[in-house]
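Following: one structure in C-alpha cells, then a few remarks.
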Ligand SMILES: Nc1ncnc2c1ncn2[C@@H]1O[C@H](COP(=O)(O)OP(=O)(O)OP(=O)(O)O)[C@@H](O)[C@H]1O
Ligand SMILES: [Mg+2]
C-alpha cells in the first residue's frame, strides 16, 4: 500500500482534521464537513473549538491540550456539536505531528462517529430503569396490603388506649391518663417505623453494603407477614452457614420477593392447599453462595420454562403480572451481583438456584 492509498483509506473511513499549534483548522476532509454540517470554507482558518459542545466541561479541554502539547497522543470519546445544533459523540484521537527538530508542527485529529451506539445505549438504560420501576410498581399493591396488615394490630391497640384515656379522664385519674398517653405515643412511633421500613424497602439502593443473607431474608419475611398469612404460605429457611453478601440489600430482597410472589401466584392459580416454600442458604466448595428456593406449586410447564426469564413473558392476566419479575431478578443477579440464576422442576414444584460469588 502506498502512502497516498493509506491516506485515502483513512480519510474515507474517518473524520479527519488538522490544526496548527494554536488549534486553527488547516484541513478537514469531506466526512468532517458532512458530519458537522459545515462547508470547508466555513471551517478553514477557524478555531477548532467551533465544534465544541457547551456541555463539555473546560477541564476536558485542558487535559486535551496538556496531553498534546506534551507531544503525547490524546484519545477520548468526545461530545461535539454540529452547525445545526446536533449532538455528536465521536471517538477522537489527536496526534501531535513533530518536525525534524522534535517540535510540534501541527495536530491531526482522527474521529469516528459513535453517536448512534451511544444514543442506543442511553435508550437501553432508560428502558431498563422504566422496566425496573414497572416491576416494583407491580408489587406495590401487595406491599400496601402488608402495611395494612402490620398496622391492624397497633390501630386496634390505639383504639383501646384512647378509650382507656376517656375513662381515666372522666374518673379524674391523672396517672392512668398520662400512662395511656405515653403508651399511645409508643404505638404511633411503632406505626411510623413500619412506614419507614417499607419506604426504605422501596427506595432505590443507596450504596453497596455488606450484609448477612440471614438478616435480609428475616427482614423480607417480616415485611411479608401479611402476604404469608393471607395466602397461608409456610416458609422454611435453612441457613447452613453464616453467609455475607457485599452488594445492594434492596436488590437482593427484591429478587427473593419476586420468587415468593411467583410461588404465591402459582399456589393460588392451582388451588394448592399445603403451601411450602423452602429457602436453603449455603456456600459451596467453589466459594459460591448458593441459594435454593423451592416451592411445591406443581412446577413450571416444560414448554414455557425456557422463556420465563424473558422480559414481559407472563402467563398471567395483565392485571396480575407484567412478566418482568424474573427478568429483573436475572438482571440483578447477573449484572449487579455477578452471579447466575437457574430454574428446574422437581417432583412437585419449581426450584430456583441462585449462585453468587462469595466475598471474603
Ligand atoms: N414458582 C413458579 N411456579 C410456576 N410458574 C412460575 C413460577 N415462577 C414463575 N412462573 C412462571 O413464569 C412466568 C414469568 O414469571 P415472572 O415473575 O417473570 O412474571 P409474572 O410473575 O408473570 O409477572 P410479574 O412478576 O411481573 O408480576 C409466570 O407468568 C409463570 O407462568
Ligand atoms: Mg412474577
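Residue numbers (the working numbering): 78 to 437.
Glycine residues also receive a C-beta, built at the ideal position from the N, C-alpha and C atoms.
These numbers were taken from a predicted model, which means no experiment stands behind them.
How many Å lie between residue i and residue j at the Cα?
i           : j           : result
residue 290 : residue 321 : 6 Å
residue 369 : residue 336 : 11 Å
residue 338 : residue 362 : 31 Å
residue 210 : residue 217 : 10 Å
residue 279 : residue 224 : 13 Å
residue 372 : residue 238 : 42 Å
residue 366 : residue 251 : 58 Å
residue 101 : residue 414 : 49 Å
residue 175 : residue 119 : 27 Å
residue 323 : residue 360 : 14 Å
residue 212 : residue 407 : 13 Å
residue 423 : residue 429 : 10 Å
residue 244 : residue 262 : 18 Å
Quick check on residue i: does DSSP put it in helix, strand or coil?
i           : result
residue 394 : coil
residue 374 : coil
residue 72  : This structure cannot settle anything about residue 72, because the visible part of the chain is limited to 78 through 437.
residue 154 : strand
residue 134 : coil
residue 248 : coil
residue 357 : strand
residue 126 : helix
residue 308 : coil
residue 352 : strand
residue 207 : helix
residue 326 : helix
residue 449 : The structure shown does not extend to residue 449, since the chain is modelled only from 78 to 437, so the question has no answer here.
residue 385 : coil
residue 45  : An answer regarding residue 45 cannot be provided, because it is not within the stretch 78 to 437 covered by the chain.
residue 488 : Outside the displayed span of the chain (78 to 437) sits residue 488, for which this structure offers no information.
residue 159 : coil
residue 98  : coil
residue 364 : coil
residue 86  : helix
residue 178 : coil
residue 223 : helix
residue 120 : helix
residue 147 : coil
residue 259 : helix
Nearest by alpha-carbon distance to residue i: which of the options is it?
i           : options               : result
residue 73  : 106, 160, 431 and 223 : Within the shown structure, residues of the chain are numbered from 78 to 437, placing residue 73 beyond reach of any answer.
residue 297 : 271, 418, 408 and 429 : 271
residue 169 : 128, 199 and 147      : 128
residue 416 : 332, 428, 389 and 384 : 332
residue 155 : 373, 136 and 149      : 136
residue 348 : 374, 104 and 367      : 374
residue 400 : 194, 182, 324 and 391 : 391
residue 343 : 364, 319 and 310      : 310
residue 328 : 233, 97 and 277       : 277
residue 317 : 341, 358 and 286      : 358
residue 230 : 408, 133, 247 and 265 : 265
residue 152 : 159, 140, 386 and 256 : 140
residue 405 : 385, 421 and 423      : 385
residue 241 : 227, 256, 232 and 228 : 256
residue 330 : 114, 181 and 402      : 402
residue 143 : 173, 122, 157 and 116 : 173
residue 299 : 103, 412, 227 and 288 : 227
residue 464 : 434, 301, 383 and 110 : There is no way to answer for residue 464, as the model of the chain reaches only from 78 to 437.
residue 195 : 157, 219 and 214      : 157
residue 108 : 149, 86, 179 and 123  : 86
residue 126 : 434, 97 and 149       : 97
residue 104 : 123, 89 and 434       : 123
Indicate whether at least one CB of chain B lies closer than 8 Å to the CB of residue i.
i          : result
residue 90 : Given the protein chain composition of this structure (a single chain), no chain B is represented.
Heavy atom of ligand 3 less than 7 Å from the Cβ of residue i, yes or no?
i           : result
residue 409 : Ligand 3 is not part of this structure, which contains only ligand 1 and ligand 2.
Three or more C-beta pairs under 8 Å: does that hold for the stretch 158-169 against the stretch 199-217? no
Specify whether the stretch 349-367 and the stretch 395-411 touch according to this definition: at least 3 beta carbon pairs, one from each stretch, less than 8 Å apart. no
Would you call the stretch 373-391 in contact with the stretch 297-311, where contact means no fewer than 3 C-beta pairs closer than 8 Å? no
Indicate whether the contact test is met: 3 or more Cβ pairs, each with one atom in the stretch 88-104 and one in the stretch 185-192, closer than 8 Å. yes
Environment of ligand 2 in chain order, Cβ to heavy atom below 5 Å: 339 and 402
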